[in-house]
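Here's the structure, in structure tokens; my notes come after.
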Amino acid sequence: MTITEKDKMKKEIYLDHASTTYILPEVEKAMKPYYQNIYGNPSSLHNKGREALIALDKAREKIANIFNSRSSEIIFTGSGTESDNLALFGVAKKYQDKGKHIIISKIEHHAILHTAQALEKDGFEITYLNVDEDGLVNSKELSKAIRSDTILVSIMYANNEIGTIEPISEIGKEILKYRRENETEFPYFHTDACQAAGALDLGVEKLHVDLMTINGSKIYGPKGVGVLYKKKSVKIKPLIYGGSQEFGLRAGTENLAGIVGLATALELAQKDKEKENKRLIKLQDKLIASIEKNIPNVKLNGHRQKRLPNNVNMTILGAEGEALLLYLDNEGIYISTGSACTSFDLDPSHVIVALGLPYEYAHGSIRMTLGKKTTEEDINYVLKVLPEIAKKVREMSPVRTK
Ligand SMILES: *Cc1c(COP(=O)(O)O)cnc(C)c1O
């Protein structure tokens with residue numbers, strides 16, 4: 000791959016914020032001291048260690064305030080993926096004598112899906128819950144899937160591909176009801192909130208969750224840092240052994256700059272969210288309505304209202320998503336097809352397939368996720384070039400069927 004002079008000159012419209020975001024200047028500024036000055040190890044007893052420990056505790060408190068939880072319930076990890084693994088493996092390995100059944104949805108991120116599949120190979124039984132045509136999990140159906148040996152339910156807060164927001168609080172209530180009626184503490188309830196963290200409320204009590212994952216890289220914070228909220232009463236087995244960092248649940252010297260960055264980013268995102276959501280919804284509405292009006296045979300994937308304010312996922316029927324991506328890339332517009340993690344293979348997205356849509360709908364699906372710097376001018380530019388590109392790609396790629 001080469002970057003040409005033309006590449007460097009061209010307009011750049013980044014519409015892939017669900018894959019990752021840049022770091023906000025305020026976040027970078029907050030992180031900086033921890034690379035050069037406050038470099039001590041929080042486990043060291045001298046002053047350099049103590050000042051690092053104070054910063055670590057402060058970041059933990061910030062996040063606990065936003066989650067409405069205790070500081071001791073916040074575990075820092077190396078990524079959203081690690082937090083998801085820690086939640087699933089951690090509960091499964093701790094409580095396998097109580098039951099070996101776990102429920103997840105069919106549209107979970109691979110960090111959950113592939114972890115569940117690994118547990119399946121280890122002798123756990125996984126129920127992959129269906130979603131409706133908008134990607135919604137039905138809380139009553141979920142409740143029916145709970146068995147006496149179900150130890151964990153994991154349903155994402157908002158989907159990374161189609162933006163659908165799941166009824167987490169409702170699901171949480173159903174699980175509480177099951178526990179009450181059956182006089183059991185199981186199943187525990189985990190939610191992957193990586194995509195939701197920048198836009199939705201994260202109060203764990205209102206959500207009725209026992210475990211929750213977030214990360215830095217989707218909320219204008221650093222990559223390679225995550226959080227797992229774990230209710231005090233829930234016990235887990237660690238994935239990583241070594242020192243006694245993170246309450247003995249995640250060994251290894253803390254990524255203090257990353258942790259401070261994540262806490263700062265989360266605070267900023269949560270503070271701005273109402274205003275920013277409003278702004279994004281306007282752009283989102285315009286993008287969806289204009290595509291529906293100006294390009295024939297398109298379909299919006301995901302729920303029309305219950306969706307993240309920055310997510311637009313459309314199928315342009317009869318056009319290859321990958322070809323659309325490349326033509327848009329050539330215009331300086333960066334989008335994704337399906338999930339970024341699967342963009343190296345041509346398997347249809349498991350999320351689009353789970354909506355019950357035929358194979359060719361998955362292949363023609365593109366995701367545009369807006370961000371803090373996305374302007375109306377950007378959207379107008381996309382709307383100017385997309386119909387032409389869609390027409391061109393449709394002419395060259397006849398609908399692929401299985
Ligand atoms: C990005 C993402 C992850 C993985 O987070 P990493 O920090 O990249 O490991 C997990 N779940 C969801 C929903 C995500 O969007």
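Using numbering that gives the first Met the number 0, the letters of the sequence shown correspond one by one to residues 0 to 401. Just so you know, even glycine gets a beta-carbon here, dropped at the ideal spot from N, CA and C.
Relative to the Cα of residue 9, the nearest Cα in the group 328, 394, 389 and 382 belongs to 328. Residue 311 sits close to residue 287, with the two beta carbons spaced by under 8 angstroms. Beta-bridge annotation (DSSP): residue 124 is paired with 100.
Residue 99 is positioned such that its CB atom lies no closer than 8 angstroms to that of residue 56. Membership of residue 48 in the alpha helix (DSSP H) is indicated by the continuous run 46-66. Assigned with DSSP and collapsed to three states, residue 75 falls in strand. Distance from the CA atom of residue 318 to the CA atom of residue 293, rounded to whole angstroms, is 15 angstroms.
In terms of Cα proximity to residue 190, the closest of 177, 262, 104 and 143 is 104. No heavy atom of ligand 1 is found nearer than 7 angstroms to the CB of residue 113. Ligand 1 has no heavy atom closer than 7 angstroms to the beta-carbon of residue 168.
Residue 14 is positioned such that its CB atom lies no closer than 8 angstroms to that of residue 388.
C-alpha of residue 116 to C-alpha of residue 187: approximately 19 angstroms in a straight line.
Going by DSSP, residue 362 is part of the alpha helix (DSSP H) stretching over 358-362. As computed with DSSP, residue 310 is found in a beta bridge with 368. The segment 241-258 makes contact with the segment 38-45, as at least three CB pairs between them are under 8 angstroms.
Taken from the Cβ of residue 105, every heavy atom of ligand 1 lies 7 angstroms or farther away.
Within 7 angstroms of the C-beta of residue 335 there is not a single heavy atom belonging to ligand 1. For residue 191, the uninterrupted beta strand (DSSP E) run begins and ends at 187-191, by DSSP.
Counting other Cβ atoms within 10 Å of its Cβ, residue 367 reaches 16 or more and is therefore classed as buried. A contact between stretches requires three or more CB pairs, one per stretch, nearer than 8 angstroms, and the segment 201-211 meets this requirement with the segment 61-69.
Residue 37 is a Cβ neighbour of residue 50, given a cutoff of 8 angstroms.
Taking C-beta atoms under 8 angstroms as the contact rule, residue 158 and residue 350 qualify, at a distance of about 6 angstroms. Rounded to the nearest angstrom, the Cβ distance from residue 198 to residue 212 is 16 angstroms, too far for a contact under 8 angstroms. For the 8 angstroms CB-CB criterion, residue 381 and residue 326 do not form a contact. Counting along the chain, residue 211 sits inside no alpha helix (DSSP H); it lies in the beta strand (DSSP E) bounded by residues 210-214. Residue 282 places its beta carbon 8 angstroms or farther from that of residue 74. When the five nearest sequence neighbours on each side are left out, the beta carbons in the same chain lying within less than 7 angstroms of the beta carbon of residue 268 are those of 196, 197, 218 and 219, in order along the chain.
Apart from the 5 residues on each side of it in sequence, residue 238 sits with its Cβ closer than 8 angstroms to the Cβ of 81, 84, 85, 88, 89 and 249 in its chain, given in chain order. For residue 320, the uninterrupted alpha helix (DSSP H) run begins and ends at 320-329, by DSSP. DSSP, read as helix, strand or coil, puts residue 268 in helix. In this structure, the CA atom of residue 216 is about 23 angstroms from the CA atom of residue 71.
Rounded to whole angstroms, the separation of the alpha carbons of residue 108 and residue 209 is 19 angstroms. For residue 206, the enclosing alpha helix (DSSP H) begins and ends at 203-206.
When secondary structure is reduced to three states using DSSP, residue 26 falls in the helix class. Shown here for residue 153: same chain residues with a beta carbon closer than 6 angstroms to its own, the five before and five after excluded, namely 103, 111 and 189 in chain order. At a threshold of 7 angstroms, residue 79 counts as near ligand 1, since its beta carbon sits closer than that to one of the ligand's heavy atoms.
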